[in-house]
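In the working numbering, the protein residues as written are 280 to 811. The beta carbon of each residue, even a glycine, is placed where N, CA and C say it ideally should be. Okay, so here's the structure we're looking at.
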């Protein structure tokens, strides 16, 4: 994958705006195979079915990605052909190096959303929650900027990201047990962007609201509910929400990139409690594999206890809401899972998460009994994750599936003209900024002589927000010329970096009722077309 040259200090926004990214590992644990159901580790053996050479390729890919992108530590877990594999690479901290292993803790970012969805589905099975019931049934006090939306929005529309209001709301309401309630009370200020239930737009605020619904139904805090409903039954003993719960564990420190090298930055570890439902879980790759095995299985916990009906597991990854793009093309979101089509007609189920200095990928192909999770501890993480997940390198080799084909084509200046102009988006109370802060993102698109669109992006304040490469914003009002967009079908584009190299990410435009271009959806977010 092409990578832009590192500047003297790479700001969070500059790095992550590349969508899939731009230390050699000090140590690496050996590959271990985890026989099912036993947890004992065993040394790997070369297999006659070719798996050995595939794992050698994966090993080389990860080591190269760590060197290229400045990633001190990586943990990898895979379910492949009935066996579980775990491997740790590098170190948790460049200042105090300790080897990464299967139990090292990382922030998993927005993969947490799927735990919120799984907890909700357990409540459905108990008869305590109905996904198609209105949110107000559980939270009578809930209000939005458009009262009719608050009256009618359903729990399912929260979980499939089709509620329609602005999702970029990151208010820190303190560490108390009332954090989610206070956050939800502030949601009345969020503008409604699209009609309820009609358009996919990645929505962190909606998932926090779903977490508050879980609190109301269970009568406990969100964290207690998820632990009781999901973490403890699955024996995820290295998965926690609060930093004071992980004292004594082997924890991967967060690293910034400075002069092309990873540097420990303790200041970027903290996450507001309000964001726990949308991205606050701290976990290990071994625990993530247990979670993957559950979702690939029949709904039972390791001790045989049924946690979910099999049809409920299937429901989480079927019946998608509105489709679109979020780095890849989506059929839509199921119950918090991204549902991807493939060229082979086999559905890919995935999520991922990005927090400052911590980036994770998680993908499953249920029909192929395959799962892969990768955890990294550097702002260089999106580079490696892009190589493995967005370009579909791992999916092609281990599961035999790949992206829908996309061949770029040049458009005439007349064809490009409707897409040109300025697009704007808003972020309310970004992380690391004072309460009451609003940030604006401005994207300018202009046609090029070779039939593509050049993108120039400006952000009004340096800030950090949660999840996915487009979530972290920080430009100090400086322009970004880097990316170009090439159409591969009507209203859908491939994203290229400034040198013309592919990032393998995809984006798309949405039209209004009059047929005019109304929105640019990139990174799953909507940016409103303001015209030329």
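Helix, strand or coil: which one does DSSP assign to residue i?
{"i": "residue 501", "result": "helix"}
{"i": "residue 535", "result": "strand"}
{"i": "residue 813", "result": "In this structure the chain extends from 280 to 811, so residue 813 is not present and cannot be described."}
{"i": "residue 459", "result": "helix"}
{"i": "residue 290", "result": "Reliability of the predicted coordinates at residue 290 is poor, the pLDDT of 38 falling under 50, and the value obtained from them is presented with this limitation in mind. Coil."}
{"i": "residue 407", "result": "coil"}
{"i": "residue 574", "result": "helix"}
{"i": "residue 623", "result": "coil"}
{"i": "residue 641", "result": "strand"}
{"i": "residue 522", "result": "helix"}
{"i": "residue 478", "result": "coil"}
{"i": "residue 452", "result": "coil"}
{"i": "residue 441", "result": "coil"}
{"i": "residue 530", "result": "strand"}
{"i": "residue 785", "result": "strand"}
{"i": "residue 567", "result": "helix"}
{"i": "residue 562", "result": "strand"}
{"i": "residue 800", "result": "strand"}
Need the endpoints of the beta strand (DSSP E) that residue i sits in, please.
{"i": "residue 633", "result": "627–634"}
{"i": "residue 725", "result": "717–726"}
{"i": "residue 806", "result": "804–810"}
{"i": "residue 704", "result": "700–707"}
{"i": "residue 734", "result": "732–738"}
{"i": "residue 415", "result": "Run containing residue 415: none in the beta strand (DSSP E); it sits in the alpha helix (DSSP H), 414–417."}
{"i": "residue 541", "result": "540–543"}
{"i": "residue 603", "result": "603–605"}
{"i": "residue 764", "result": "763–768"}
Which first and last residues belong to the alpha helix (DSSP H) in which residue i is found?
{"i": "residue 594", "result": "589–595"}
{"i": "residue 586", "result": "Taken as a continuous stretch (DSSP letters only), residue 586 belongs to no alpha helix (DSSP H), as it is neither H nor E."}
{"i": "residue 428", "result": "426–431"}
{"i": "residue 400", "result": "391–404"}
{"i": "residue 555", "result": "555–558"}
{"i": "residue 435", "result": "434–438"}
{"i": "residue 378", "result": "Unbroken run through residue 378: none, as it is neither H nor E."}
{"i": "residue 693", "result": "692–695"}
{"i": "residue 361", "result": "First-last for residue 361: undefined, no H or E at that position."}
{"i": "residue 674", "result": "Careful: residue 674 lies outside any alpha helix (DSSP H) and carries neither H nor E."}
{"i": "residue 469", "result": "That residue, residue 469, is in no alpha helix (DSSP H); it is neither H nor E in DSSP."}
{"i": "residue 654", "result": "That residue, residue 654, is in no alpha helix (DSSP H); its beta strand (DSSP E) goes 649–655."}
Using the Cα positions of residue i and residue j, report the straight-line distance between them to the nearest angstrom.
{"i": "residue 794", "j": "residue 698", "result": "12 Å"}
{"i": "residue 561", "j": "residue 515", "result": "11 Å"}
{"i": "residue 577", "j": "residue 585", "result": "8 Å"}
{"i": "residue 494", "j": "residue 635", "result": "27 Å"}
{"i": "residue 630", "j": "residue 769", "result": "26 Å"}
{"i": "residue 800", "j": "residue 809", "result": "14 Å"}
{"i": "residue 725", "j": "residue 791", "result": "20 Å"}
{"i": "residue 287", "j": "residue 543", "result": "Interpretation of residue 287 is limited by its pLDDT of 31, a score under 50 that renders its predicted location unreliable; the figure taken from the coordinates is listed afterwards. Cα to Cα, residue 287 sits roughly 17 Å from residue 543."}
{"i": "residue 414", "j": "residue 337", "result": "44 Å"}
{"i": "residue 721", "j": "residue 411", "result": "36 Å"}
{"i": "residue 267", "j": "residue 566", "result": "Because the chain in this structure spans residues 280 to 811, residue 267 falls outside the shown range and cannot be described."}
{"i": "residue 316", "j": "residue 582", "result": "Here the model assigns residue 316 a pLDDT of 32, short of 50, so the residue's position is not dependable and the matter cannot be decided."}
{"i": "residue 684", "j": "residue 642", "result": "19 Å"}
{"i": "residue 638", "j": "residue 665", "result": "11 Å"}
{"i": "residue 339", "j": "residue 606", "result": "25 Å"}
{"i": "residue 301", "j": "residue 661", "result": "Caution is warranted here: a pLDDT of 26 is assigned to residue 301, below 50, making its placement in the model unreliable, and the coordinate value is therefore given only provisionally. Near 8 Å, if we compare the C-alpha coordinates of residue 661 and residue 301."}
{"i": "residue 540", "j": "residue 503", "result": "38 Å"}
{"i": "residue 408", "j": "residue 596", "result": "18 Å"}
{"i": "residue 700", "j": "residue 797", "result": "11 Å"}
{"i": "residue 367", "j": "residue 663", "result": "15 Å"}
{"i": "residue 463", "j": "residue 432", "result": "14 Å"}
{"i": "residue 513", "j": "residue 372", "result": "29 Å"}
Our contact map puts residue i next to residue j with C-beta atoms below 8 Å; I'd like the distance itself, whole angstroms only.
{"i": "residue 365", "j": "residue 530", "result": "Contact doesn't hold; Cβ gap of about 17 Å is too wide."}
{"i": "residue 482", "j": "residue 442", "result": "6 Å"}
{"i": "residue 418", "j": "residue 492", "result": "6 Å"}
{"i": "residue 723", "j": "residue 706", "result": "No, residue 723 and residue 706 are not in contact; Cβ-Cβ is about 18 Å, not under 8 Å."}
{"i": "residue 783", "j": "residue 669", "result": "4 Å"}
{"i": "residue 611", "j": "residue 602", "result": "4 Å"}
{"i": "residue 400", "j": "residue 587", "result": "6 Å"}
{"i": "residue 806", "j": "residue 704", "result": "4 Å"}
{"i": "residue 632", "j": "residue 391", "result": "7 Å"}
{"i": "residue 557", "j": "residue 389", "result": "6 Å"}
Let me check you understand the geometry: is the CB of residue i closer than 7 Å to at least one non-hydrogen atom of the ligand FAD?
{"i": "residue 719", "result": "For the ligand FAD, the structure offers nothing, since it holds no ligand at all."}
> Counting Cβ pairs closer than 8 Å, one from the segment 652–663 and one from the segment 348–358, do we hit at least three?
Replying inline: yes
> With contact counted as at least three CB pairs below 8 Å, one residue from each stretch, are the segment 352–364 and the segment 641–651 in contact?
Replying inline: yes
>> For the segment 469–477 against the segment 568–585, do three or more pairs of beta-carbon atoms, one drawn from each stretch, fall closer than 8 Å, so that the two count as touching?
In response: no
> Does the segment 450–460 come close enough to the segment 430–439 that 3 or more CB-CB pairs lie under 8 Å?
Replying inline: no
> Do three or more CB pairs link the segment 383–398 to the segment 530–540 at distances below 8 Å?
Replying inline: yes
> Is the segment 583–602 close to the segment 402–410, with three or more CB pairs under 8 Å?
Replying inline: yes
>> Under 8 Å: do the segment 677–691 and the segment 763–777 share three or more Cβ pairs, one atom per stretch?
In response: yes
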